[in-house]
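Residues in the sequence shown are numbered from 69 upward in steps of one, following my numbering. Quick reminder that beta carbons are idealized off the backbone N, C-alpha and C, glycines included. To keep things clear, I will list the structure first and then write my remarks on it.
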Amino acid sequence: MITYFYNGNTNQWSSVVLPEHRTTDGIMTNHIYMHRGYPENETIFYSAYQDKIFKVDFTDGMSVDYKIREGMAYARSDEKSILFDGYDGLFYEFDFEFDRYGLGARSAVFCDTANDIWYGYSALSKSFSTLETDEDPYYCRDTGYIGMVTVDFISKCYAYNGLGGGWVELIPEGNHVSGLLGKKTILITRSDRVYAFDPEVNPTDTRGNDRYVPEEFTLSQNCPNPFNPATEIRLAIPITSNVKLEIFNIMGQKVKTLFSGQLEAGRHTFTWDGKNSASGIYFCRMQADNFSASRKMVLLK
69 MITYFYNGNT
79 NQWSSVVLPE
89 HRTTDGIMTN
99 HIYMHRGYPE
109 NETIFYSAYQ
119 DKIFKVDFTD
129 GMSVDYKIRE
139 GMAYARSDEK
149 SILFDGYDGL
159 FYEFDFEFDR
169 YGLGARSAVF
179 CDTANDIWYG
189 YSALSKSFST
199 LETDEDPYYC
209 RDTGYIGMVT
219 VDFISKCYAY
229 NGLGGGWVEL
239 IPEGNHVSGL
249 LGKKTILITR
259 SDRVYAFDPE
269 VNPTDTRGND
279 RYVPEEFTLS
289 QNCPNPFNPA
299 TEIRLAIPIT
309 SNVKLEIFNI
319 MGQKVKTLFS
329 GQLEAGRHTF
339 TWDGKNSASG
349 IYFCRMQADN
359 FSASRKMVLL
369 K
């Protein structure tokens, strides 16, 4: 059996030869496809971002579960688990079974309870952050850029920050009412108060009723990245400054000036809509006083 893939960005066909399985099924997003056959359990991943086919073998006859979310995917069995970062075509193999709901669009969280290690993976930084703990996870979930693991029913939570990296312990007070995990925010409702986790703010900052003021100039990586057609660009400035935010193509030609003027101290978000630009690599450059920084962005249509 031959499976063919067509990539509209490269205008190329690719194919892979597979056994004629007794049963087959596949799932896909806009840029990722997964296929699993049974009983041979030959599993393939196709990444339109990389225009490549990747193949993984599981033991014949085993039950293999799999899931896909935007550019991320996993396949798992009692024998092993595979995490696939389709944005860059990266594979990671583990000898334990992943949590079913631990896969997000840009990050993932999984708990190895046998060795008391929790893993958080960021598709932005292509890196793992681990947390060693003997606490038993009750609930493990990821949907976007951050993940959450709860213990002792929901009396305590750990948040994985896929934007900045690392784990944060959250111990909300009061009786539990509900919890909500979004792509970039965690909300925990107690009987008399609501807690919010923002991955782009240091959890040790004391904010009270005052507006949060950053300690330094920063230009964050755009989200999402790769993107089609729009992406958000966030920056932070510690003092009122003259700021210029520009987009350049790979040839160094200016494509767009997103902002040029004075901004107050704080965090600011801008959106670049690349609907009129061609697919490719672009750079966002921020200039403010004596500070200058740039971020690589990938527009993939």
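For residue 311 and residue 335, I'd like the C-alpha separation in whole angstroms. Stepping through the sequence shown from its first residue, residue 311 is reached at position 243. Stepping through the sequence shown from its first residue, residue 335 is reached at position 267. Their Cα atoms are separated by approximately 12 Å.
Using DSSP with H/G/I as helix, E/B as strand and the rest coil, what is residue 51? Since the first and last residues shown for the chain are 69 and 369, residue 51 lies out of range.
For residue 69, write down the residues that DSSP places opposite it in a beta bridge. Numbered from 1 along the sequence shown, position 1 holds the residue referred to as residue 69. For residue 69, which the question treats as bridged, DSSP gives no partner whatsoever.
Is residue 146 buried or exposed, if buried means 16 or more other CB atoms sit within 10 Å of its CB? By one-based count along the sequence shown, residue 146 stands at place 78. Its Cβ having fewer than 16 others within 10 Å, residue 146 is exposed.
Return the CA-CA distance between residue 108 and residue 313, expressed in angstroms with no decimal places. Within the sequence shown, the letter at position 40 stands for residue 108. Within the sequence shown, the letter at position 245 stands for residue 313. If I take the Cα positions, the gap works out to 53 Å.
Residues bridged to residue 95 [DSSP beta-bridge criterion]: Numbered from its first residue, the sequence shown carries residue 95 at position 27. Bridge partners of residue 95: 102.
I need the straight-line Cα distance from residue 234 to residue 197, nearest angstrom please. The residue you call residue 234 lines up with position 166 of the sequence shown. The residue you call residue 197 lines up with position 129 of the sequence shown. Their backbone Cα atoms lie some 6 Å apart in a straight line.
Residues that DSSP places opposite residue 329 in a beta bridge: For the purposes of this step, residue 329 is identified with residue 261 of the sequence shown, where counting begins at 1. DSSP lists 311 as partners of residue 329.
Looking at C-alpha atoms only, which residue of 244, 164, 99, 82 is the closest neighbour of residue 369? Numbered from its first residue, the sequence shown carries residue 369 at position 301. With distances taken between Cα atoms, residue 369 lies closest to 99.
DSSP-derived helix/strand/coil call for residue 369: Working through the sequence shown from its first residue, we reach residue 369 at position 301. Three-state DSSP puts residue 369 in coil, outside helix and strand.
Would you give the residue range spanned by the beta strand (DSSP E) that residue 216 belongs to? Position 148 of the sequence shown, counting from 1, holds the residue named residue 216. Start and end: 214 to 219.
Using a 10 Å radius around the Cβ and a threshold of 16 neighbouring Cβ atoms, would you call residue 104 buried or exposed? Along the sequence shown, one-based indexing puts residue 104 at 36. So residue 104 counts as buried.
Identify whether residue 337 lies in helix, strand or coil by the three-state DSSP scheme. Indexing the sequence shown from 1 puts residue 337 at position 269. DSSP places residue 337 in strand when its eight states are reduced to three.
Where residue 319 falls: helix, strand or coil (DSSP): Here residue 319 refers to the residue found at position 251 when the sequence shown is read from its first residue. Residue 319 falls in the coil class under three-state DSSP.
Please report the distance separating the alpha-carbon of residue 321 from that of residue 356. As a first step, residue 321 is located in the sequence shown; it is residue number 253 there, counting from the start. As a first step, residue 356 is located in the sequence shown; it is residue number 288 there, counting from the start. Each residue's Cα considered, the two are about 20 Å apart.
Count Cβ pairs between the segment 200 to 218 and the segment 144 to 163 that sit closer than 8 Å; are there 3 or more? no
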